[in-house]
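Novice:
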Amino acid sequence: MITGVLPQWNSTGVLPPVRPEMPGSSPERSPYRVSLAGIVDRFATSPERMAILDGLLGFRGKLHELGTQVFNGWTAAFLSRSSFWKTGTPATWMS
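Rendered as structure tokens:
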């Protein structure tokens, strides 16, 4: 299993469900295994996204302090290259 490298967005602006270079039956598919550093490197592309990631990292830190193991699933809205991220901010999107 490839770990730590996310595929590029596809032509519709989302992460592909299966790695593009792999056959459709491949286990190399979403959810992709990637480190938090890999998420930050890839998606901290604007002040709004950096604020979201900062909040997530703080939240995870508090959970770890409580002895909780953490697994994160990510929503398509955050991981996509949609028009929302080109024109909106998290505050306008959530309101």
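Note that the sequence shown covers residues -2 to 92 in my numbering.
The C-beta atom is built at its ideal place from N, Cα and C for all residues, glycine as well.
The structure displayed is predicted, hence computed values, not measured ones.
1) Taking 8 Å as the threshold (C-beta atoms), are R26 and V15 in contact?
2) Using 10 angstroms around the beta-carbon of L3, count the other beta-carbons present and answer buried if the total reaches 16, otherwise exposed.
3) Nearest-angstrom Cα distance between F56 and L63?
4) Helix or strand or just coil, what does DSSP make of R26?
5) Name, in chain order, the residues that DSSP records as bridge partners for V15.
Specialist: If we stick to the structure as given:
1) yes
2) buried
3) 11 Å
4) strand
5) R26
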